[in-house]
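Worksheet: one structure, shown below.
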Amino acid sequence: MEGSAEFSGLRAYFLRERPTLLRLLKARLGNPDEAEDVLQELWLRLSTMNSAPIAQPGGYIFRMANNMATDRHRSLSASMRRESEWIETYGQSDEIVPPVEAGMLASERLRQIDAAVAALPERTARIFRLYRYEDVPRRTIAELIGISVSAIEKHLQVAYRAIHALEGADDDEPGTAGEQER
Amino acid sequence: MSNGDRILRQAIDWHIRLADGDTDLWHGFVAWLEADTAHAKAYDRVASDDALLDDRGAQPVRPTIVPVPRRADARRKKAVFWGAGMAAVLTGAIGLAYFRPAADAPYFVEAPAGGGRQVMLADGTRIMIHAGGRLRLDRAHPRLAAIEKGEALFQVRHDPANPFRVEAAGRVIEDLGTIFDVAARGPELRVAVAEGSVSFNSGQNHILLKPGMVINASADDQIEIRHVDPGTVGAWRLGHVDFDDVALRDVVRQLRLSNGIRIALSPELGSRRFSGVLRNDRGGDEIVRSLAQLSETRALRVAGGWMLERSAAR
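Structure below.
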């Protein structure tokens, strides 16, 4: 199949980027063993994946690794939170608290996020929803709304800042993108 | 600004840019993470919140149109919703309903004339119905939808063993893993593909459609294929349709298929082209008025619809 060439392309990317992928996972997870675990899991996923053509294989693999780190964090913090609440209440941790607990915390946070988005200027909220809820690519949003991609990014910054209750969420200063060392 | 805020801002900037970042950008990000453990903590906050939005599947959504019976079961499989209710919030015109009719029988979903409607099927397939459109669904055949009239955008949960099929205007469209748009009224049909591919079958013609391809089938099964920017397929869900130098007769055809507005063109307008943006979340009269204004024509009411003719004076 012609797809197998693409697959070996992904694998080649993985092998070439492996050291940086590992650094990414170590930095995000703060634990070398866990980073190796996730990297191994990533490798397994890549080898069982349907080999649809991918536009940017490098970015794609990094994104996968990064998402897996986020998932790891979330399940970890949920289980830690459950554990500590349980210990506070009952002084032991050998029972399992129903997962509903974590779900409720998540839904509470989601409500906060929704409220923050709803309070944004209409245009900003619309762009954020298109981007984040509808998965419309930035370039497409830019075309639909008739402004530049970088203007779209400004709106997204404003939205994310509002979600994280940052001061100046509604100002339009360029933010820190330019200051970052790349 | 406090140092913590500054770092959080940086984390947000990274997160936005990484969404379509190349390898170089990721290398820069890794260096930033390694520079300070506070960076990783801040980034984790941003990424975790964002991931929360991905699996809000279990969250109730706010329908803006009359809610239909919803399954009580709140805990569904993860992330089947994509981001349910978004369209609703975004134009205020599209309602979302998690559809659960009582009996195993065909049922109909109709979008009111002034606004679209979104339907989520049990397998995660999402259908956005254009204002005034009507679909037939059947719980006994969950991978089948029939367009009675109008237009709908399908985001199909792909299953190679059990392809999703759309019946419209006597033809069959079969998903091969994809997002596609179908508009049908009477014997006329238009299919456009945004992502993946779709197989089109009219009995006589069997065609594989790729992203950006639009197929127009007329009453006598004349087939015409065009190419458009795949990003524009289904863009009507944003509440407006952009025409860029499109033949006026094609605009009229589209309004007939998508909105059910019948417009005849007077002969001298046969070769006229049109550029402009029409709101499609408005009533037919208002759409025709905008079209006339933007195309510098005059709209006359005739039996069963409208007639556009060249404006008398300039």
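If you read the protein sequences in the order shown, they are chains A and B. At position 89 of the first sequence (counting the first as 1) the number is 89 in my numbering, and the numbers step up by one without a gap. At position 9 of the second sequence (counting the first as 1) the number is 9 in my numbering, and the numbers step up by one without a gap. The C-beta atom is built at its ideal place from N, Cα and C for all residues, glycine as well.
Check each candidate in A:Glu41, A:Arg132, A:Arg126 and name the one with the smallest Cα separation from Asp71 of chain A.
Here residue 71 of chain A refers to the residue found at position 71 of the first sequence. Of A:Glu41, A:Arg132, A:Arg126, the residue nearest in Cα terms is A:Glu41.
Tell me which same chain residues have a C-beta within less than 8 Å of the C-beta of Asp245 of chain B, skipping the five on either side of it?
Here residue 245 of chain B corresponds to residue number 245 of the second sequence, with the count starting at 1. Result list for Asp245 of chain B: Arg273, Phe274, Ser275, in chain order.
Taking the continuous beta strand (DSSP E) assigned at Leu208 of chain B, which residues delimit it?
Residue mapping note: residue 208 of chain B aligns to position 208 of the second sequence, counting from 1. Where Leu208 of chain B is concerned, the enclosing beta strand (DSSP E) stretches over 206-209.
Given a cut-off of 9 Å on the beta-carbon distance, is the pair Leu121 of chain B and Pro142 of chain B in contact?
Numbered from 1 along the second sequence, position 121 holds the residue referred to as residue 121 of chain B. Numbered from 1 along the second sequence, position 142 holds the residue referred to as residue 142 of chain B. Yes, they are a contact pair.
Just checking my contact of Leu278 of chain B with Ile287 of chain B at CB under 8 Å: how many whole Å lie between their CB atoms?
Here the question's residue 278 of chain B lines up with position 278 in the second sequence. Here the question's residue 287 of chain B lines up with position 287 in the second sequence. Their Cβ separation, rounded to whole angstroms, is 6 Å, which keeps Leu278 of chain B and Ile287 of chain B in contact under 8 Å.
How big is the Cα-Cα spacing for Ala115 of chain A and Val302 of chain B?
What you label residue 115 of chain A is simply residue 115 of the first sequence in a count that begins at 1. What you label residue 302 of chain B is simply residue 302 of the second sequence in a count that begins at 1. Rounded to whole angstroms, Ala115 of chain A to Val302 of chain B spans 48 Å at the Cα level.
Measuring alpha carbon to alpha carbon, tell me which residue in A:Leu21, A:Ala159, A:Asn31, A:Leu44 is nearest Arg129 of chain A.
Stepping through the first sequence from its first residue, residue 129 of chain A is reached at position 129. Cα-wise, what sits closest to Arg129 of chain A is A:Ala159.
Establish whether the CB of Ala69 of chain A and some CB of chain B are separated by less than 9 Å.
Here residue 69 of chain A refers to the residue found at position 69 of the first sequence. Chain B contact via Cβ: present.
Determine, using beta carbons only, whether Arg9 of chain B comes closer than 9 Å to chain A.
Start at 1 with the first residue of the second sequence, and residue 9 of chain B comes out as number 9. Yes, Arg9 of chain B lies at the interface with chain A (some Cβ there is under 9 Å from its Cβ).
Since Gly58 of chain A meets chain B, which of its residues come closer than 8 Å, beta carbon to beta carbon?
In the first sequence, residue 58 of chain A corresponds to position 58, counting from 1. Near Gly58 of chain A (Cβ distances below 8 Å), the residues of chain B are Asp22, Thr23, Trp26.
When the Cα of Leu44 of chain A is compared with those of A:Leu25, A:Phe14, A:Gly30, A:Glu153, which residue comes out closest?
Residue mapping note: residue 44 of chain A aligns to position 44 of the first sequence, counting from 1. Comparing Cα-Cα distances from Leu44 of chain A to each of A:Leu25, A:Phe14, A:Gly30, A:Glu153, the minimum goes to A:Phe14.
Classify Pro112 of chain B as helix, strand or coil using the three-state DSSP reduction.
Taking the second sequence and counting its residues from 1, one reaches residue 112 of chain B at position 112. In this structure, Pro112 of chain B counts as coil in the three-state DSSP scheme.
Are the C-beta of Ile54 of chain A and some C-beta of chain B separated by less than 9 Å?
Here the question's residue 54 of chain A lines up with position 54 in the first sequence. No, because no Cβ of chain B sits closer than 9 Å to the Cβ of Ile54 of chain A.
Flag Trp43 of chain A as yes if its beta-carbon sits less than 9 Å from any beta-carbon of chain B, otherwise no.
Translated into the one-based positions of the first sequence, residue 43 of chain A becomes position 43. For Trp43 of chain A, the answer is no, since every Cβ of chain B falls outside 9 Å of its Cβ.
Could you tell me how far apart the beta carbons of Ser258 of chain B and Gly124 of chain B are, in whole angstroms, since I believe they sit closer than 8 Å?
Walking along the second sequence from the start, residue 258 of chain B turns up at place 258. Walking along the second sequence from the start, residue 124 of chain B turns up at place 124. Ser258 of chain B to Gly124 of chain B, Cβ: 25 Å. No contact.
If I follow the unbroken alpha helix (DSSP H) through Gly28 of chain B, where does it start and stop?
In the second sequence, residue 28 of chain B corresponds to position 28, counting from 1. 23-35 is the extent of the alpha helix (DSSP H) around Gly28 of chain B.
What residues from the segment 16-30 of chain A come within 8 Å of chain B, judged by C-beta to C-beta, listed N to C?
Of all residues in the segment 16-30 of chain A, Glu17, Thr20, Arg23, Leu24, Ala27, Arg28, Gly30 have a Cβ within less than 8 Å of some Cβ in chain B.
Candidates B:Leu308, B:Gly283, B:Arg282: which alpha carbon is nearest Gln293 of chain B's?
As a first step, residue 293 of chain B is located in the second sequence; it is residue number 293 there, counting from the start. Taking only the C-alpha atoms, the option nearest Gln293 of chain B is B:Leu308.
Which whole-angstrom value describes the C-beta separation of Leu33 of chain B and Ala12 of chain A, a residue pair presumed to lie in contact below a C-beta threshold of 8 Å?
Reading the second sequence from its first residue, position 33 is the one you call residue 33 of chain B. Reading the first sequence from its first residue, position 12 is the one you call residue 12 of chain A. Not confirmed; about 25 Å, so no contact.
Should Asp20 of chain B be listed as close to the ligand GDP, given that the test is whether its C-beta is under 8 Å from any heavy atom?
Ligands are entirely absent from the displayed structure, and the ligand GDP is therefore not among its contents.
How big is the Cα-Cα spacing for Ala235 of chain B and Asp36 of chain B?
If you number the second sequence from 1, residue 235 of chain B lands on position 235. If you number the second sequence from 1, residue 36 of chain B lands on position 36. Their Cα atoms are separated by approximately 43 Å.
Under a CB-based cut-off of 9 Å, is Leu90 of chain B close to chain A?
Taking the second sequence and counting its residues from 1, one reaches residue 90 of chain B at position 90. Since pLDDT at Leu90 of chain B reaches only 34, below the 50 mark, its modelled position is unreliable, and the value read off the structure follows with that caveat. Interface residue, yes.
Run through DSSP, which three-state label would Val193 of chain B get?
In the second sequence, counting from the first residue as 1, residue 193 of chain B sits at position 193. Three-state DSSP puts Val193 of chain B in a strand.
Can you check which of these residues, A:Gly59, A:Leu110, A:Leu22, A:Ala55, is closest to Ala69 of chain A by C-alpha distance?
The sequence position of residue 69 of chain A within the first sequence is 69, counting from 1. If we check each option's Cα against that of Ala69 of chain A, A:Leu22 comes out closest.
Excluding sequence positions up to five away, which residues of its chain have a Cβ less than 8 Å from the Cβ of Ala65 of chain A?
On the first sequence, residue 65 of chain A is found 65 positions in, with the first residue counted as 1. Leu21, Leu24, Leu25, Val38, Leu39, Leu42, listed in sequence order.
Taking its Cβ as the centre, do 16 or more other Cβ atoms sit within 10 Å of Ile129 of chain B, making it buried, or is it exposed?
Here residue 129 of chain B is taken as the residue at index 129 of the second sequence, counted from 1. Ile129 of chain B should be labelled buried.
Identify which residue in B:Asn3, B:Phe108, B:Pro112, B:Ser199 has its Cα closest to the Cα of Gly260 of chain B.
Against the second sequence, residue 260 of chain B aligns to sequence position 260. Taking only the C-alpha atoms, the option nearest Gly260 of chain B is B:Pro112.
With DSSP collapsed to three states, give me the class of Thr178 of chain B.
Residue mapping note: residue 178 of chain B aligns to position 178 of the second sequence, counting from 1. Residue state, collapsed to three classes: strand.
Can you tell me the Cα-Cα spacing of Arg63 of chain A and Thr23 of chain B, whole angstroms?
Reading the first sequence from its first residue, position 63 is the one you call residue 63 of chain A. Reading the second sequence from its first residue, position 23 is the one you call residue 23 of chain B. One C-alpha to the other measures close to 10 Å.
Take Val193 of chain B and list the residues in its own chain whose beta-carbon comes closer than 6 Å to its own, dropping the five residues that flank it on each side.
Taking the second sequence and counting its residues from 1, the one referred to as residue 193 of chain B is at position 193. For Val193 of chain B, where only same-chain residues beyond five positions count, the Cβ hits under 6 Å are Phe180, Leu209, Pro211, Met213.
Using a Cβ-Cβ distance under 9 Å, would Ala127 of chain B count as near chain A?
Looking up residue 127 of chain B in the second sequence gives position 127. Here residue 127 of chain B turns out to be Ile, not Ala, going by the sequence shown. By this cut-off, Ile127 of chain B is not an interface position.
Under the rule that 16 or more other beta-carbon atoms within 10 Å means buried, what is Asp159 of chain B, buried or exposed?
Here residue 159 of chain B refers to the residue found at position 159 when the second sequence is read from its first residue. Burial call: exposed.
For the alpha helix (DSSP H) that contains His240 of chain B, what are its first and last residues?
Taking the second sequence and counting its residues from 1, the one referred to as residue 240 of chain B is at position 240. Taken as a continuous stretch (DSSP letters only), His240 of chain B belongs to no alpha helix (DSSP H), being part of the beta strand (DSSP E) at 240-247.
Could you give the DSSP three-state label for Ala264 of chain B: helix, strand or coil?
Numbered from its first residue, the second sequence carries residue 264 of chain B at position 264. Note: Ala264 of chain B maps to strand in three-state DSSP.
Taking only beta-carbon atoms, is Ala103 of chain B less than 9 Å away from chain A?
Residue mapping note: residue 103 of chain B aligns to position 103 of the second sequence, counting from 1. Below a pLDDT of 50, predicted positions are generally treated as unreliable, and Ala103 of chain B, at 45, falls in that range; the measurement from the model is reported next regardless. Chain A, which has no Cβ nearer than 9 Å to the Cβ of Ala103 of chain B, makes this no.
Pull up the distance between the alpha-carbon of Leu238 of chain B and that of Gly116 of chain B, whole angstroms please.
Mapped onto the second sequence, residue 238 of chain B falls at position 238. Mapped onto the second sequence, residue 116 of chain B falls at position 116. Their backbone Cα atoms lie some 10 Å apart in a straight line.
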